[in-house]
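Participant: Residue numbers (our numbering), protein chains in the order written: chain V, 1158 to 1645; chain A, 12 to 329.
#1: Would residue 1526 of chain V pass as a contact of residue 1561 of chain V if the rule is Cβ separation under 8 Å?
#2: With C-beta atoms as the reference, is residue 1390 of chain V less than 8 Å away from residue 1369 of chain V?
#3: List the residues of chain V whose Cβ lies closer than 8 Å to the Cβ of residue 37 of chain A, in chain order.
#4: First and last residue of the alpha helix (DSSP H) that includes residue 1438 of chain V?
#5: Residue 1294 of chain V: which of V:1310, V:1282 and V:1280 sits nearest, CA to CA?
#6: Since I believe residue 1252 of chain V is in contact with residue 1246 of chain V (beta carbons under 8 Å), could you give me their beta-carbon distance rounded to a whole number of angstroms?
#7: By alpha-carbon positions, which one of A:150, A:126 and A:151 ends up nearest to residue 139 of chain A?
#8: Measuring alpha carbon to alpha carbon, tell me which of V:1465, V:1456 and V:1537 ends up nearest residue 1513 of chain V.
#9: How should residue 1473 of chain V be labelled, buried or exposed, when 16 other C-beta atoms within 10 angstroms of its C-beta is the threshold for buried?
#10: Given this structure, state the Cα-to-Cα distance separating residue 1439 of chain V from residue 1433 of chain V, to the nearest angstrom.
#11: Can you find a C-beta in chain V that's less than 8 Å from the C-beta of residue 285 of chain A?
#12: When the distance is taken between beta carbons, is residue 1228 of chain V closer than 8 Å to residue 1435 of chain V?
#13: Establish whether the CB of residue 1241 of chain V and some CB of chain A are separated by less than 8 Å.
#14: Going by Cα to Cα distance, which pick from V:1459, V:1528 and V:1550 is closest to residue 1646 of chain V?
#15: So, does the region 262-276 of chain A touch the region 117-133 of chain A, judging by three or more C-beta pairs under 8 Å?
#16: State the beta-bridge partners of residue 1363 of chain V as determined by DSSP.
#17: Can you tell me whether DSSP reads residue 24 of chain A as helix, strand or coil?
#18: Are the beta-carbon atoms of residue 1497 of chain V and residue 1585 of chain V separated by less than 8 Å?
#19: For residue 1385 of chain V, write down the residues that DSSP places opposite it in a beta bridge.
#20: Where does the unbroken beta strand (DSSP E) through residue 227 of chain A begin, and where does it stop?
#21: Which residues in chain A have a C-beta closer than 9 Å to the C-beta of residue 1400 of chain V? List them in chain order.
#22: Would you identify the three-state DSSP class for residue 1160 of chain V, choosing helix, strand or coil?
#23: Spatial neighbours of residue 1636 of chain V within its chain, please: C-beta separation below 6 Å, excluding the five flanking residues on both sides.
#24: If you drop the 5 nearest sequence neighbours on each side, which residues of the same chain put their C-beta closer than 8 Å to that of residue 1428 of chain V?
#25: Applying the 10 Å Cβ sphere with the 16-neighbour rule, what's the burial state of residue 1255 of chain V?
#26: Roughly how many angstroms lie between the CA atoms of residue 1240 of chain V and residue 1409 of chain V, to the nearest whole one?
#27: What alpha helix (DSSP H) runs, 4 residues minimum, are completely inside the region 1484-1569 of chain V?
#28: Spatial neighbours of residue 150 of chain A within its chain, please: C-beta separation below 6 Å, excluding the five flanking residues on both sides.
#29: Along the chain, where does the alpha helix (DSSP H) that runs through residue 1261 of chain V open and close?
#30: Note down the Cα distance separating residue 70 of chain A from residue 39 of chain A, rounded to an integer number of angstroms.
#31: What are the uninterrupted segments assigned as beta strand (DSSP E) that are 3 or more residues long and contained completely in the region 1315-1363 of chain V, given in chain order?
#32: Along the region 1575-1607 of chain V, what residues have a CB closer than 9 Å to any CB found in chain A?
#33: For chain A, find out if any of its Cβ atoms is closer than 8 Å to the Cβ of residue 1542 of chain V; answer yes or no.
#34: Within 8 Å of any Cβ in chain V, is that where the Cβ of residue 18 of chain A sits?
#35: Leaving out five residues on either side along the sequence, give the residues of the same chain with a beta carbon under 7 Å from the beta carbon of residue 259 of chain A.
#36: With DSSP collapsed to three states, give me the class of residue 1634 of chain V.
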């Protein structure tokens, strides 16, 4: 140490001595709270990816339904449960529109009308013997069972069954053309409009009783009876006899496709013959709209009540807290059930059900923040300068709560989507004509044994949505509250 | 302590009473509440109406309802089930408990061990793997997990019966009673394991990074001693109440799982009552859910204050 004590001054030279040194002006832009959070958020790659996926899902829910020509109302029961078929991917053997038909009579698939290439593979087959009459069992077991019909012994009929992998688009065409009872019943006008090239075999004329107005249920002498009423006057006009045609048509071509051509249902169709791709984005739309409106309303109510409760404290706080406690004791299920039973399920009823008790979480967070900051010196200083309560709350205390609010909003939204999907899966939320993801899933669950795609696509969608929301939420929470990072 | 518990119980009873009145009034104001349901014998309807006071004003109906509970233990007549609602509940609760109790007990050891493992191996590959699993099973809705399990394990690979076996089937085939609850139990276990793992990991990492752990090591304890004796004990404090609360809600069953696997438990009967518009039964079940919810919160709060006295001291509202 000693050698540093007596240093020779001549060894030092001044850098400069003729100017006054000022602090350098800041060349960088100031980093505010949000910018800081954004920088931290960007560093978390998983969250950024989640955010991108989330944004694309939201955008798709807006424009997705217009990607193809089908709409919600295009239902055609003849096209139900068609498996998915996607351009390009079909050449790789996935999403190629094939489907396994289980337990079918094999002989049906040797029909000469069945187009070439419909049967892709016969997976396995087995033969069952069946007696058309009565089986007589020999008690001694010496001779085999015999089959009798009208007193005459007849042989057992043997049928071969099989699980068959078919190109379902061709198969649908075939069934709707040649299947039993699959002919079209057309009026004279409709029949004339059909291109004669697509008609198979000879059309059959018949007459039918048709209601030209609307069918109305009327109670006549205690019995409910269907009557045909005129659309304008409402008078009972009875049924009119109309001549009709029974026609068999080549179905895809009847629907307007070129010969040998047929459509691509990217995600297949549901059990009512609607395009699943369109349905999923329509369902996503309602989920997002419900979730965003609920989050918006909850924030407003929660912030106002939380601020009042936290800022004024004392008796106001005590009373409000008791009220909150009672409200939060009501199960959400009860609120939803009572409202839907009383008012039916419409969009607004669902939003109200979510908001009636949903704001309590936010109001608690806001109240805690207000408790923490209201007695700080800077608040006292502002009050001394003459700031009114409202200004103190909005300008000086509330900004402290923004970080926690942003974080909790990002957790509220997936929570609402999750709950909405769950209850519409259960059938408690049912918008009637509007589809929701939960409803598609619940329909899919009923048909999943033979048409799993109706279940799988919405399941993948909702899982992806919830996953990316949670990842995004975690990233956002870390960005806004860096002290929490790594704890969870 | 006793004073605190009594105070909380008193508050809970008041809350329960107020909510009961709200639910009762709402249910009894339904537009078609006291119209006879389709297919009911008019004479029987008359008797029910008379006994429940359906044609009297609502405050009087409430008095009659309370009187029926106090005198005869009757909570209302379910027309669709043709019995008293409390009998329906008694019938269904055991089914729900039977299916729910297994996931509860299975998930605790698994969740704990995974959480502890992840916390001790923080930021190593196995921690990341566990964390990915946790975030997956927390994010993906339970009805998706359950239906996919039903589809793959039940139908495609044919490992377990896809639906809960009804009583009649069990008579013929006794082992169905065990195999048919495997899928619902499995579906519920994944979710609660994920939640438990997450909590355990979060609590334990927080304790492990706190300063007294450094003290433990500096005073000469090995890593193992300090973890087992100090860190784990402390991290169990917030977890115990969550588990105790879970035990209460075992009673309530699960709407989703019971609907998917057709389990005739509380959740299943609730959906039946809802679709059948069986108002007395709906009301009873809502009150049941409310009581379960309130008791769970109460039990959680009280057990918090027992295991961690700091909460009782600092958490007083006044």
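Even for Gly, the Cβ is constructed at its ideal location relative to N, Cα and C.
Facilitator: The relevant details are as follows:
#1: yes
#2: no
#3: 1495 and 1499
#4: 1433-1469
#5: V:1310
#6: 5 Å
#7: A:126
#8: V:1456
#9: exposed
#10: 10 Å
#11: yes
#12: yes
#13: no
#14: Coverage of chain V is limited to positions 1158 through 1645, which leaves residue 1646 of chain V absent and any answer about it impossible.
#15: no
#16: V:1401
#17: helix
#18: yes
#19: V:1372
#20: It is not in any beta strand (DSSP E) - residue 227 of chain A instead sits in the alpha helix (DSSP H) that spans 222-229.
#21: The premise fails here: residue 1400 of chain V is roughly 40 Å from chain A at the closest Cβ pair, so nothing lies under 9 Å.
#22: helix
#23: 1194, 1197 and 1198
#24: 1237, 1238, 1600, 1603, 1604, 1608 and 1611
#25: buried
#26: 16 Å
#27: 1489-1500, 1504-1515, 1517-1530 and 1534-1541
#28: none
#29: First-last for residue 1261 of chain V: 1255-1262, but that is the beta strand (DSSP E), not the alpha helix (DSSP H).
#30: 10 Å
#31: 1341-1344
#32: 1575, 1578, 1579, 1580, 1582, 1583, 1584, 1585, 1595, 1598, 1599, 1601, 1602, 1605 and 1606
#33: no
#34: no
#35: 303, 306, 307 and 310
#36: helix
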